[in-house]
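Peer 1: Here it is, the structure, as structure tokens.
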Amino acid sequence: MLLLIGLCLFLFCFHLGSRDLWDVDEGMHSVSAKYVVESGDWVTPNYNGEAFLDKPMFFTWLVAISFTLLGFTELAARLPAACVGLLGVLVAYLLGRRMFDARTGFLGGAVLATTILHLAMSRTVVHDIALALFVTLALYLFWVALVDPERRKMSLLFFYAAVAGAVLAKGPLGMVLPAMVILPFLLLTRRLSFIREMRLGWGILIFVVLVSPWYILMSLRNEGYLSYFLIEKTLGSFTSDESSHPAPWHFYFPVFLGALLPWSSFLPAALYRAWKRFKSEEREPVLYLLLWFGVMFVFFSAATSKLVTYILPLMPAVALLIGMLWAEAMSPPEPARRRLML
């Protein structure tokens, strides 16, 4: 973990404040957080004197807190993203260690930290990095609850808190993404009965307590907020032909390979080895990662609105699959596997 922390601190923080805010979204989110500090309004995000209703407030709160502590600088604006990106790498490591072994977890975390997309988003003032962290955390906690009965109760309670954090970070999508992985996994492994052990009553209570205060205050202060955000922005991004970022269904095929650099060339081998292991051993962890990657990729490809940053939540699963490949390659290698890695 110390090696991963050191790697992330170098990659995510080196010269973090040395360049100006250059991306349109980066400037917009930074100015919105600056308004929070200057106005004292921690409920309604604001941009250019108007309520900015397109994003929830969680990541804006982090940037506002950083501004309060460090002043209005580029470093303060980007530091929350760097911290959240680091936490995402550590959660991926913990999941890989829990599923396989420490070596696989470490290599998967290192792959995630060095992919172009995760690296860039950990140095940019954009909300998607917070969504990716909470989705990864939720899927990790669910896995722990599934395989470790002794820690099941506490893991499930924190699982619901992580889902609530994802909803505060990016809206209902934070609840949909984990569910799209968990439900097919339980169905394919014939473990749907586990739902009865998930303490849904406590989960709903935790979720409502954490999520509802801000959404209620936003609705009271901004008439029509829920219908605008939930229907027009969220649902419209996936169904409307007039979405703000339209792209064809195959948009993510080349984009994903670019986002995965410098590890893209290892993806075919990683998927092949995962399939081989699924057929012979460790079926459930491999299936979990394959569903995580595959279902989310299809989901985002089916949406009418597409941006490169949207696929960030599926990157930990791919990183762990590649980490699994490298962990095998670092064990006493077979000649064929040595040639494959070469």
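Take 221 as the starting number for the sequence shown in the numbering used here and just add one per residue.
For each residue, glycine too, the CB sits at the ideal point set by N, CA and C.
The structure presented is a predicted model; accordingly, all values stated were derived computationally and were not measured.
(1) What do you get for residue 246, buried or exposed, if any count of 16 or more other CB atoms within 10 angstroms of its CB means buried?
(2) Name the DSSP beta bridge partners of residue 270, please?
(3) The ligand MG heavy atoms versus the CB of residue 544: any closer than 7 Å?
(4) I need the boundaries of the alpha helix (DSSP H) containing residue 294, first residue and last residue.
(5) Could you give the residue range of the alpha helix (DSSP H) that holds residue 351?
(6) Tell me the start and end of each unbroken alpha helix (DSSP H) in the stretch 386-465 that is at least 4 residues and wholly inside, in chain order.
(7) When the Cα of residue 570 is compared with those of 504, 508 and 517, which residue comes out closest?
(8) Tell me which same chain residues have a C-beta within less than 6 Å of the C-beta of residue 327, skipping the five on either side of it?
(9) My guess is that residue 312 and residue 534 are in contact by the Cβ rule of under 8 Å, so how many angstroms apart are they, rounded?
(10) Going by Cα to Cα distance, which pick from 266, 242 and 227 is closest to residue 441?
(11) If you follow the alpha helix (DSSP H) that residue 341 is in, where does it begin and where does it stop?
(12) With distances taken Cα to Cα, identify the nearest neighbour of residue 240 among 293, 481 and 415.
(13) When you compare the CB positions of residue 231 and residue 333, do they come within less than 8 Å of one another, or not?
(14) CB residue 309 to CB residue 224, shorter than 8 Å?
(15) Report yes or no: do the stretch 291-306 and the stretch 358-372 share at least 3 C-beta pairs separated by less than 8 Å?
(16) Would you call the stretch 477-492 and the stretch 425-435 in contact, with 3 or more CB pairs under 8 Å?
(17) Taking the alpha-carbon positions, what's the residue 528 to residue 561 distance?
(18) Per the contact definition of three or more C-beta pairs closer than 8 Å, is the stretch 405-414 in contact with the stretch 380-394?
(19) Can you tell me whether residue 244 is buried or exposed, with buried defined as 16 or more other CB within 10 angstroms of its CB?
Peer 2: Well, looking at it:
(1) buried
(2) 267
(3) Only the bare structure without any ligand can be found here, which leaves the ligand MG out of the picture.
(4) 294-319
(5) Here the alpha helix (DSSP H) through residue 351 covers 348-367.
(6) 393-408, 420-441 and 456-459
(7) There is simply no residue 570 to check, as the chain begins at 221 and stops at 562 in what is shown.
(8) 543, 546 and 547
(9) About 12 Å; that fails the 8 Å criterion.
(10) 266
(11) 336-341
(12) 293
(13) yes
(14) yes
(15) For the pair of segments examined, the stretch 291-306 was found not to touch the stretch 358-372: the number of CB pairs separated by less than 8 Å stays below three.
(16) no
(17) 28 Å
(18) no
(19) exposed
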